[in-house]
Amino acid sequence: MVKKLLHTRYRVENLEKTVAFYRDVLGLTEVRRHRSPRGSELVFFQVPNSDELIEICAFPASGPLILGPDVTHLAFEVEDLERFALHAAAHGYPLSDGPTESSSGRFAFIDAPEGYEIELIEPRKP
């Protein structure tokens, strides 16, 4: 039986550009980096208030990255969606959709360097 979710992996072609996005735009902390026995370059990020890590993997031997639209995304809570949108846009990552109001708050999306979608959720204040 499964005990715990440890990490989610996203394969990318431009490792350093993607690492800069997760570090500088999302504000995640790089916790380790190494080469796997099969030759993958791996970078792990810690997500605030979560035990799960995000693994960014560059493995050119597996061929070109083919990412279908709307297949997967990561969702992160933000305190202030407008402030985050200004910060992300200043780094070259404007909102790709939203913000949209919902019964539980507001949400919007940005695209990571390789085309993976990132959802940003600002919960409704009580």
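Residue numbers (our numbering): 746 to 871. By construction, the Cβ of each residue, glycine as well, lies at the ideal position given by its N, Cα and C atoms.
Three-state class that DSSP yields for residue i in the structure shown
i, result
"Leu-826", "helix"
"Lys-831", "The sequence as given places Leu at residue 831; Lys does not occur at that position. Leu-831: helix per DSSP, three-state reduction."
"Pro-868", "strand"
"Arg-768", "helix"
"Ala-806", "helix"
"Val-792", "coil"
Start-to-end residues for the alpha helix (DSSP H) that takes in residue i
i, result
"Val-764", "760-765"
Limits of the beta strand (DSSP E) - the one that residue i falls within
i, result
"Ser-847", "842-847"
"Gly-850", "850-856"
"Val-816", "First-last for Val-816: undefined, no H or E at that position."
is_contact[residue i, chain B] using C-beta, thresh 7 Å
i, result
"Glu-827", "Of the protein chains in the structure, only one exists, and it is not chain B."
Across the segment 790-797 and the segment 832-839, are there enough close Cβ pairs to call them in contact, namely three or more that are closer than 8 Å? no
Three CB pairs or more closer than 8 Å across the segment 784-791 and the segment 813-831: no
Between the segment 833-851 and the segment 798-810, do at least 3 Cβ pairs fall closer than 8 Å? The segment 833-851 vs the segment 798-810: no contact.
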